[in-house]
Every structure is written in structure tokens, then in C-alpha cells.
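Position one of the sequence shown corresponds to residue 41 (the numbering used here), numbered consecutively onward.
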Amino acid sequence: MATTPPDTDARITALQAELDAVRAEMQHFTYAVSHDLRAPLRHILSYAQLVQEDAGPQLSGEVKEFLATITDSARHMGVLLDGLAALSRVGSAPLDVGPVCLQELIPAVCGELAAQHPERTIEWRIADDLPLVQADAALLRQALSQVLGNAVKFSAQRQPAVIEVDTAVEASSACVALQVRDNGVGYNPALQDQLFKVFGRLHSSKQFEGIGMGLVLVRRMLDRFGATVSIHGVQDGGSTVLLLIPRA
């Protein structure tokens, strides 16, 4: 059996330590940004409200529009900071990795999403042979809720919406390849690199709500226990999300 030279082992250990340090620094930076900007943001909102209350009758229509823009922009910034805070929490949450039954978890998540959209007609096609995976149950549940929630959101214009969940055959027996497909609006493949960027959006907020953090959070959650995520889609032809999760 081939062995790894001692100097190579030392180099790998050093690189891992360096990577861990960079991750910790980024974690601290993300938390600091999301936390330290909230005080000035609250001041902006408070003073805009005071101006509106104290001088409202004397303000022109144009100035009132300016104040409304300030307020809306500050509130939107608050939502963005919430997204950064969520990203920070995912990176620091304690792990509890063990066997997770997808056959129980996925219908439960789909049921929750269906209950949130009683006005929608959604056809759920869930395979009946989903296997066990090795994961942090809480993080995996959050990741699946985000992925399936995206499928629900981006198929809102379809009647009915069709969302399929099954497994694909993969070369590696170490992982389960879980697929989530929808018949939604899809996206332009030329913009693929935007999907996993912080605040990256491929659709306007007027079309679909959100701040462009969903897939970033999913990737961070899955990375914590050795899983990965990728997505493929076509314009007006739906999307397929592929999750590679360690097999139990």
C-alpha cells in the first residue's frame, strides 16, 4: 500500500489549518458586518420617521417621496443584513451528524410548504425508495426546505406546478445523488455563475421575492457535513438541483 510522505502530511495539515483560519476570519467578518451596521441603520429609519412626523404637513410631495425611498432602502438593507447574519449562524452552528431518513424527511418538508401555499395546485412526485444519508438532520432539513421552497416559488406561474424528488445513478457509491426538479421559469444558463454568489439574483424582486441568499445558504449548510449542491436549468424550462449527500 502506498504511503504519504511525512512532508506531504505536514503540508496538508498546514494547509488545513490555514483554511480553517481563513474560514474563521470570514465568519467573524460576516457577523461583524451584519451586527455592527444595524445601529446606524436604526438611526436612519428613526430620523426619517421623525422628519415625517414633525414636518410632514410642511413637506412637498417630492420630499415625501424622498423620505419614502430612504425608508424603503433602509428596510431592504435590514433584510440583507438578516441574510448575512443567517450565513454567519450556519457556519457556527454545532454539528450532529448521523443517519437521516430521506423517505421521512422530504414528505414532511413538502407538506409544510404545501400548507404555506393552500391556494396553489402543486403536484408532488416523490420517489418511494429514498435512502438513508449521513448528515446533520437540522441543517439538511433547512437546506431541503430552501431548495424545495425555491421549486415552489419559481413554478408559481405553472398550473399545475410539478415538483419531482428522486435519486440519480452516480459513479460514486459513497454518496446519494438527490434530485429536485421543477417545471418553473428556469433561468438563463449564461448567468449560471451568479447562482451561488451572495445576493446573486437571476430574476427581479418584482417577479419573485427574495434577496439572493438561498443557494448560498444551502451550499454552506451542506458543506458543513460533506455534501455538495449544483443546479442546472434552462430559460422557461425549469430547473434541476442535484445534492450529493454522504450515504449512511
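Glycine residues also receive a C-beta, built at the ideal position from the N, C-alpha and C atoms.
Everything numeric in this text was worked out from a predicted model, so none of it was measured.
Buried or exposed, going by whether 16 or more other CB atoms sit within 10 Å of the CB of Ile203?
Locating residue 203 in the sequence shown gives position 163, where the first residue counts as 1. Under this definition Ile203 is a buried residue.
Would you mind sorting Ser132 into buried or exposed? The rule is 16 or more other CB atoms within 10 Å of its CB.
Here residue 132 corresponds to residue number 92 of the sequence shown, with the count starting at 1. Classification for Ser132: exposed.
Does DSSP classify Gly240 as helix, strand or coil?
Here residue 240 corresponds to residue number 200 of the sequence shown, with the count starting at 1. Gly240: coil per DSSP, three-state reduction.
Put Arg181 into one of helix, strand or coil per three-state DSSP.
If you number the sequence shown from 1, residue 181 lands on position 141. Looking at Arg181 - three-state DSSP - the assignment turns out to be helix.
Taking C-beta to C-beta, are Pro147 and Ala288 nearer than 7 Å?
Here residue 147 is taken as the residue at index 107 of the sequence shown, counted from 1. Here residue 288 is taken as the residue at index 248 of the sequence shown, counted from 1. No, the Cβ-Cβ distance between Pro147 and Ala288 is not below 7 Å.
Any contact of the stretch 257-268 with the stretch 183-195, i.e. 3+ C-beta pairs under 8 Å?
yes
Any idea which residues DSSP pairs Asp176 with across the strands?
For the purposes of this step, residue 176 is taken as the residue at position 136 of the sequence shown. According to DSSP, Asp176 bridges with Val137.
For Gln186 and Leu77, what's the separation of their Cα atoms in angstroms?
Taking the sequence shown and counting its residues from 1, one reaches residue 186 at position 146. Taking the sequence shown and counting its residues from 1, one reaches residue 77 at position 37. Approximately 26 Å, taken between the alpha carbons.
Select from Met117, Leu90, Arg181, Arg115 the residue whose C-alpha is nearest the C-alpha of Lys104.
Mapped onto the sequence shown, residue 104 falls at position 64. Comparing Cα-Cα distances from Lys104 to each of Met117, Leu90, Arg181, Arg115, the minimum goes to Leu90.
Considering only DSSP beta bridges, list what His272 is partnered with.
By 1-based counting over the sequence shown, the position of residue 272 is 232. For His272, which the question treats as bridged, DSSP gives the partners Thr280.
When Arg198, Ile285, Tyr227 are compared against Leu180, the one with the closest alpha-carbon:
Position 140 of the sequence shown, counted from the start, is the residue given in the question as residue 180. It is Ile285 whose Cα lies nearest to the Cα of Leu180.
Leaving out five residues on either side along the sequence, give the residues of the same chain with a beta carbon under 7 Å from the beta carbon of Val137.
For the purposes of this step, residue 137 is taken as the residue at position 97 of the sequence shown. Excluding positions up to five away in sequence, the list reads Gln174, Ala175, Asp176, Phe265.
Spell out the partners DSSP gives Thr207 in its beta bridges.
By one-based count along the sequence shown, residue 207 stands at place 167. DSSP output for Thr207 lists Leu218 as bridge partner(s).
If you draw a straight line from the alpha carbon of Asp222 to that of Ile52, how long is it in whole angstroms?
The residue labelled residue 222 in the question sits at position 182 within the sequence shown. The residue labelled residue 52 in the question sits at position 12 within the sequence shown. In a straight line, the C-alpha of Asp222 is about 41 Å away from that of Ile52.
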